[in-house]
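The numbering used here runs 4 ahead of the 1-based position in the first sequence.
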Amino acid sequence: MPELPEVETIRRTLAQHVLNQTIDDVILRWPGAVRGWEAIPFEQGVRGRQILSIDRRGKYLLIHLDEDWTLLAHMRMTGRLNYYEEEREPEKHTHVVFKLSKGELHFTDTRKFGRILLVPTEQCTKHPSLCVLGPEPFDPNFTPKELGQRLKNRSVALKIALLDQKAVAGLGNIYADESLFLAGLSPERAANSLKPKELKALHAAIQKVLQAGIDSRGTSFRDYRDANGEKGSFQRSLQVYGRGGEKCTTCGKILVRKRLGGRTTVFCSHCQH
DNA sequence: CCTTATGCCTGAATGC
DNA sequence: TGCATTCAGGCATAAG
């Protein structure tokens, strides 16, 4: 599922192809995948626009168009944005086809959770889904102290606090479990119980795991592909995610798998406290 | 403010 | 073999 490293990889691979291209036409094969802006229908706002730049905030892609419009895209679980040089038959779950000046961009999403929103560029930072996000993990504002501030009122399990995007933006189930393992912290710890040393370890682990994920071009555990349709390779580096019942790579004890707040969580009860 | 529960979806895996 | 159930999970929304 696209988390920060996957969305960043999509951003980079997409930018290689679509920058400065014009969106000549949009075909909505399932209109539920998109949202227009107030009275302006999605197709009308997008048609004829040029793609100027692509940013990322947490797990959101911000595709900036001319005339001060931005496409705010979230892949959720199975969303994909694929670029093709040539005209291409849509797949079964391709919901939106952007016809570009050269080639096509297909939004495909089996589970139909992902969305592409049309938003005026100056409204982006005010948008409800973006303005609640915690700091970017690689922003200088994201410090162990800041992380502590954002966890101090949270009595929920640490893992749950990392998954909601308010403490830090971009972690999902995979990288939350991996970060906690690297930090040696139990996902069941109360989020507000961390000592300064532990906050420092968690902060460092989050940055290290996310950077390694980006360097591996993401985790293709199931559906994830970049804009070129290529898999990432971080699934080969996973220490805990998807490894419940297997041996801990550090101590050899069996990894625990349990549900925490409805989310499957895997950790080593010997190495994580 | 906080926390928990539910709905959105399809396909793979599992149970009987 | 076939049918029903469970699971995967990010986020918006509603309710407590």
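Cβ atoms here follow ideal geometry from the backbone N, Cα and C, with glycine treated the same way.
All values reported here derive from a predicted model rather than from experimental measurement.
Using only the alpha-carbon positions, how far apart do residue i and residue j sit?
| i | j | result |
| --- | --- | --- |
| Arg-39 | Gln-48 | 11 Å |
| Leu-167 | Glu-202 | 18 Å |
| Gln-20 | Lys-257 | 44 Å |
| Thr-98 | Val-136 | 30 Å |
| Ile-164 | Glu-126 | 32 Å |
| Ala-1 | Ile-58 | Because the chain spans 5 through 277 in this model, residue 1 falls outside it and cannot be assessed. |
| Gln-211 | Val-50 | 35 Å |
| Ser-183 | Gly-236 | 18 Å |
| Leu-242 | Val-213 | 10 Å |
| His-131 | Gln-239 | 33 Å |
| Glu-150 | Lys-106 | 45 Å |
| Ile-14 | Ile-55 | 15 Å |
| Pro-35 | Phe-102 | 13 Å |
| Pro-148 | Gly-52 | 45 Å |
| Tyr-234 | Arg-154 | The sequence shown places Glu at residue 234, rather than the Tyr named in the question. Going by the C-alpha atoms only, they are around 36 Å apart. |
| Val-160 | Arg-193 | 8 Å |
| Gly-217 | Ala-209 | 12 Å |
| Glu-250 | Pro-144 | 37 Å |
Residue i by DSSP, collapsed to three states: which one?
| i | result |
| --- | --- |
| His-277 | coil |
| Arg-263 | strand |
| Thr-82 | coil |
| Tyr-88 | strand |
| Ser-57 | strand |
| Val-244 | coil |
| Leu-184 | helix |
| Ala-43 | coil |
| Ala-173 | coil |
If you follow the beta strand (DSSP E) that residue i is in, where does it begin and where does it stop?
| i | result |
| --- | --- |
| Tyr-228 | Run containing Tyr-228: none; DSSP gives neither H nor E here. |
| Leu-32 | 27-32 |
| Leu-66 | 64-69 |
For the alpha helix (DSSP H) holding residue i, just list the boundary residues, first then last.
| i | result |
| --- | --- |
| Ile-258 | Ile-258 -> no alpha helix (DSSP H), and no H or E assigned at all. |
| Leu-8 | 8-22 |
In chain order, each alpha helix (DSSP H) run of at least 4 residues that lies wholly inside the region 94-171 = Scanning the region 94-171 for uninterrupted alpha helix (DSSP H) segments of 4 residues or longer gives 132-135, 148-155 and 162-167, listed from N- to C-terminal end.
With a cut-off of 8 Å, do at least 3 Cβ pairs link the region 63-75 to the region 110-128?
-> Touching, yes.
Entirely enclosed alpha helix (DSSP H) segments - the region 196-227, minimum 4 residues | Along the region 196-227, the alpha helix (DSSP H) occurs as fully enclosed runs of 4 or more residues at 200-219, listed in sequence order.
Would you call the region 126-135 and the region 188-208 in contact, with 3 or more CB pairs under 8 Å?
-> The answer is no - the region 188-208 does not touch the region 126-135, with fewer than three Cβ pairs under 8 Å.
Can we say the region 110-117 touches the region 81-88, given the rule of at least three CB pairs closer than 8 Å?
-> In short, these stretches touch, since the Cβ pair count reaches three.
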